[in-house]
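Visitor: Have a look at this one before I ask anything.
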Amino acid sequence: MNFIKLLFLTLTLILLSACNLTNKIVNNECDRELINNHCDNVKQKIKKDASVFKVKADYTINNTKLLSEYVEQMAMGLMDSFQAHAPDTKIAVTSFVDLNDDLQSTNMLGNQISESFLYEMQQYGIPVIDFKVMEYIEVNKKGDFVFSRDYQQLTESLKADYILSGTLIYTAAGVVVNARIVNMFSKVIIASAKGLIPSFILESTISPKLINEEPDS
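The sequence shown runs 29 to 245 under our numbering.
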């Protein structure tokens, strides 16, 4: 009788040990599966984020190129009329301004358009005067500078025959750019061009805050 009790107790302990071992194996497998699933989710998220970043980067680069192409098209329109006046003439390019009461407001967009036109005039072989260049190089702790918007640091005389500038009109569809080349002395408009830069181009290339922000004097 004692032998039977001992045998029963031994079998019970063996069964309990087997159950505990099985539970541990199952739990380990569950933990391993959870870890693998988590790793897979993390990997998928990284791939997705990288894909989205690539799409956004490509989209921005392409639209930055498009912005310069809009200016290029307007430059072609200007040159249709200005080509006859181009030989042996010098031109200066100024900021494009908001079409308002005083015509004295500009922003990052207006300055970026003027910089693009400066490049386009150079491509047509027209000498461009950069009147923002000082007569000296200013060296300080922040760097070495040759550009300025302080008229007291610039040359008084502007040896330009023509001025290229224009106005910006803001609409729901985008910004209407009116560009013109004016004779510096007679004030006669020699050439003009008009173009619309769509809103989605502006949103993808320039921060709305910068578009509405006037540059520091």
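No residue lacks a Cβ here, since even glycine has one placed at the ideal position from N, Cα and C. The structure displayed is predicted, hence computed values, not measured ones.
#1: Assign G105 to one of three DSSP states: helix, strand, or coil.
#2: Give a yes or no on whether 8 angstroms exceeds the smallest Cβ distance from V161 to chain C.
#3: Taking the C-alpha atoms as reference points, what is the distance between A112 and G171?
#4: Could you give the DSSP three-state label for I191: helix, strand or coil?
#5: Take the Cβ of D178 as the centre, count every other Cβ of all protein chains shown within 10 Å, and call the residue buried at 16 or more, exposed below.
#6: Mapping DSSP to helix, strand and coil, what is S123?
#7: Taking only three categories from DSSP, how would you classify M136?
#8: Could you give the DSSP three-state label for S227: helix, strand or coil?
Guide: Taking the structure as given:
#1: Working through the sequence shown from its first residue, we reach residue 105 at position 77. If DSSP states are grouped into helix, strand and coil, G105 belongs with the helices.
#2: Chain labels in this structure do not include chain C; a single protein chain is all it has.
#3: By 1-based counting over the sequence shown, the position of residue 112 is 84. By 1-based counting over the sequence shown, the position of residue 171 is 143. Computed Cα separation, rounded: 42 angstroms.
#4: As a working mapping, residue 191 is identified with position 163 in the sequence shown. DSSP places I191 in strand when its eight states are reduced to three.
#5: As a working note, residue 178 is residue 150 in the sequence shown. Burial call: exposed.
#6: For this step, residue 123 is matched to residue 95 along the sequence shown. Correct three-state label for S123: coil.
#7: Against the sequence shown, residue 136 aligns to sequence position 108. The answer is helix: DSSP assigns M136 an H, G or I state.
#8: Within the sequence shown, residue 227 is the residue found at index 199, counting from 1. DSSP places S227 in helix when its eight states are reduced to three.
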